[in-house]
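Numbering (UniProt numbering), first residue to last: 1 to 186.
Note that CB positions come from ideal geometry on N, CA and C, so glycine has one too.
For clarity, every value in this text was computed on a predicted model and none was experimentally measured.
Heads up, the thing below is written out as structure tokens.
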Amino acid sequence: MTLSLPRAAQADDFVTLPSGIKVLTIREGEGATPQPGDTVEVHWAGFTKGYQGKVIDHRLQSYPERRAHRIDNTSVRDEPYEFKLGSGQAIKAFEIAVSNMKAGGIVRVEVPGELPDLAYPLDRSQRFTGELISQDLKIYKYRYGPQPAELGGQRALDFVLDNTTLRPFNRTLLFDIKLLAVRKQR
């Protein structure tokens, strides 16, 4: 299952939540809505939206002339991301988006760069645990998920977060999220 929108999303298709993140519901789920303490399993694809002023397009093969910067896509590897809702394991924007979904639902989430506390920390000492995931590639473990699985994804994300010459709007992140399962806390 590859996450993709059926058509290009327009700005007014998104709903802005009180937190400031913007959510576009692609498909309503019919399953359980997760509560704090529940373990959720999601597929996600992440993109940098304003990387060097270039808008990201998730349809990489359809628009080869556009330079897209995908962070990761778990559905390609069939390796869902799992976390406990409300535990602080995931960035706040991810927690907020998933807590408003039902199992089986798919959303696109825009995390404005002007709201850095909802995304990954800009301070590298707060972003990483110091633990190496890959000694050969020097891939460090992120303190908050979701974690890009490949070096290219981590480098694209780190470039956007670390670049002090970028304006906040250039740090906007996009996530496509499919809520696969909700396991109620015991």
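- The alpha-carbon of Val23 is positioned some 24 Å away from that of Arg143.
- Between Ile106 and Ile26, the CB-CB gap stays under 8 Å.
- Nearest to Ile96 by C-alpha distance, out of Ala103, Arg155, Leu85, is Leu85.
- When the five nearest sequence neighbours on each side are left out, the beta carbons in the same chain lying within less than 7 Å of the beta carbon of Val98 are those of Pro34, Val40, Val42, Leu85, Ile177, Leu179, in order along the chain.
- Beta-bridge pairing by DSSP links Val107 to Thr25, Ile177.
- Bounds of the alpha helix (DSSP H) holding Ala156 are 151-162.
- Take the alpha-carbon of Leu118 and the one of Asp136: they are about 31 Å apart.
- The DSSP-derived three-state label of Ala119 is coil.
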